[in-house]
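J.:
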Amino acid sequence: MSIKNEYLGFINSKPLWKNKTLFNLSQFNIEELFETDISPNTLEINIRDNEVLGKRIEHYFEYCIINSDHYEVIAKNIQIYQDKITIGELDFLIKDHRDNKTLHIEIVYKFYLHDPSIEGELQQWIGPNRKDTLLQKIEKLKTKQLPLLYRSETLPILKNLQINSKSIHQKVSYMANLFVPVSMKNKLFPIVNNQCIVGFWVTSEAFTSEQYGTYHFNIPKKKDWATDPKYCDTWFSFNDITEKVQVSLSQKKSPLLWMKSNGDSYDRFFIVWW
């Protein structure tokens, strides 16, 4: 996948919530930056091929900031140490020249599946392999990542940058791609931003040749998950992809599939092992 196509996938992503009071966390207005007409090329965004998705997203976020009219990157990926041991990292310190404010922004880019067997809408959003949840990440942000700014170990770094921690406004850029059970594709959810719903999920038993045998598929690498399937140029038949799916499922990994129909229509969905 090209850097440009990955970036286009990023700027088409949506914030997980728009209600300013949800979780008592303030969302950075990333969509305002996406309105800028930015067409990157591989020379302007330098990313190593082996960089993981989270780091790639940080590169794309930084590119948006650099190309904005009123934001400036002060520092990024600031390592905080205690007795020479890393205790955390601040993602970005940004200067907002429009409002003359300094912002500390933590970047989150997640893929969540909706599990209706769990009680509570916010509790129902979980990672594809059930190893993480929306609420666990929110808890980590509120108890570890954001408070790191005010640790005594952070103060000398801020002093070197000539920044007073008390004058910094904290925000998150929390974007997500949501997948719902195939039977709930038309359901609206009252709390989260429904524009984040980009696909569905099925069990391995439901992935049958009767239902899916006429389509073509690809299993993207995780670093490519943000990319729109329409940019994929390698497709496999149902029989060929089934072998790859079984390998993932046997390792208790729920693969993301891109699916193409004969009419150049595309879908994204997970096949879950659980």
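Counted from 1, the sequence shown has number 96 at position 82 by this note's numbering; the numbering is strictly sequential. Don't be surprised by glycine CBs; every beta carbon is placed ideally from N, CA and C.
1) Could you check what DSSP says for residue 175 in three-state terms: helix, strand or coil?
2) Short check: CB of residue 75 to CB of residue 187, under 9 Å?
3) From the DSSP output, in three-state form, read off residue 197 for me.
4) Would DSSP call residue 73 helix, strand or coil?
5) Tell me, please, whether the segment 100–114 touches the segment 135–148 by the rule of three or more beta-carbon pairs shorter than 8 Å.
6) Going residue by residue through the segment 94–163, where are the continuous alpha helix (DSSP H) segments of at least 4 residues, counting only ones entirely within it?
7) Beta-carbon within less than 7 Å of residue 341's beta-carbon, same chain only, minus the 5 sequence neighbours each way: which residues are those?
8) Using beta-carbon positions only, say whether residue 252 and residue 217 come within less than 9 Å of one another.
9) Residue 232 bridges to which residues according to DSSP?
10) Among the candidates 258, 226, 26, whose CA atom is the shortest distance from the CA of residue 49?
11) Residue 82 to residue 287, Cα distance in whole Å?
12) Return the CA-CA distance between residue 226 and residue 151, expressed in angstroms with no decimal places.
13) Looking at C-alpha atoms only, which residue of 21, 148, 106, 232 is the closest neighbour of residue 59?
14) Compute the Euclidean distance between the alpha carbons of residue 268 and residue 210, then round it to the nearest angstrom.
15) Let's test the definition: count the other Cβ atoms within 10 Å of the Cβ of residue 80 and tell me whether it reaches 16, buried, or not, exposed.
16) Taking C-beta to C-beta, are residue 102 and residue 242 nearer than 9 Å?
17) According to the neighbour-count rule (16 or more other Cβ atoms, all chains shown, within 10 Å of its Cβ), is residue 172 buried or exposed?
18) Could you check the C-alpha separation between residue 19 and residue 34 for me, to the nearest Å?
19) Residues in its own chain within less than 8 Å of residue 175 by CB, not counting five upstream and five downstream?
20) Could you confirm whether any beta carbon from chain D is found closer than 9 Å to the beta carbon of residue 178?
21) So residue 205 and residue 233 are supposed to be a Cβ contact under 8 Å. How far apart are they, rounded?
22) What's the C-alpha gap between residue 123 and residue 63?
23) Take residue 96 and list the residues in its own chain whose beta-carbon comes closer than 7 Å to its own, dropping the five residues that flank it on each side.
24) Quick check for students: name the residue ranges of the beta strand (DSSP E) that lie wholly in the segment 220–267, counting only runs of 3 or more.
25) Between residue 202 and residue 239, how many whole angstroms is the CB-CB distance? I'm expecting something under 8 Å.
26) Quick one: residues in its chain with C-beta nearer than 7 Å to the C-beta of residue 163, no 5 flanking neighbours on either side, listed in chain order?
T.: The short version:
1) Residue state for residue 175 is assigned as coil, using DSSP reduced to three classes.
2) Cβ distance < 9 Å, so residue 75 and residue 187 count as in contact.
3) Residue state, collapsed to three classes: helix.
4) Correct three-state label for residue 73: helix.
5) No: fewer than three Cβ pairs fall under 8 Å.
6) Uninterrupted alpha helix (DSSP H) stretches at least 4 residues long and entirely within the segment 94–163 occur at 148–154, given in chain order.
7) Nothing can be reported for residue 341: it is not among the residues displayed for the chain, which extend from 15 to 288.
8) No, Cβ-Cβ distance for residue 252 and residue 217 is not below 9 Å.
9) 272.
10) The shortest C-alpha separation from residue 49 is found at 26.
11) If you take the alpha carbons of residue 82 and residue 287, they lie about 42 Å apart.
12) Going from the Cα of residue 226 to the Cα of residue 151 covers about 34 Å.
13) Taking the Cα of residue 59 as reference, the smallest distance to any Cα among 21, 148, 106, 232 is reached at 21.
14) Straight through space, the alpha carbons of residue 210 and residue 268 are spaced by roughly 20 Å.
15) Answer is exposed; the Cβ neighbour count stays below 16.
16) Taking 9 Å as the cut-off, the beta carbon of residue 102 is found no closer than this to the beta carbon of residue 242.
17) That one is buried.
18) If you draw a straight line from the Cα of residue 19 to the Cα of residue 34, it comes to about 30 Å.
19) Within the same chain, residue 175 has close Cβ partners 88, 89, 107.
20) Absent here is chain D; the protein component of the structure consists of one chain.
21) The Cβ separation is near 31 Å, so there is no contact.
22) Between the C-alpha atoms of residue 123 and residue 63 there is a straight-line separation of about 19 Å.
23) Excluding positions up to five away in sequence, the list reads 167.
24) Within the segment 220–267, the complete beta strand (DSSP E) runs of at least 3 residues are 230–232.
25) A Cβ-Cβ separation of about 24 Å leaves residue 202 out of contact with residue 239 under the 8 Å criterion.
26) Excluding sequence neighbours, residue 163 sits near 104, 118, 179, 182, 184.
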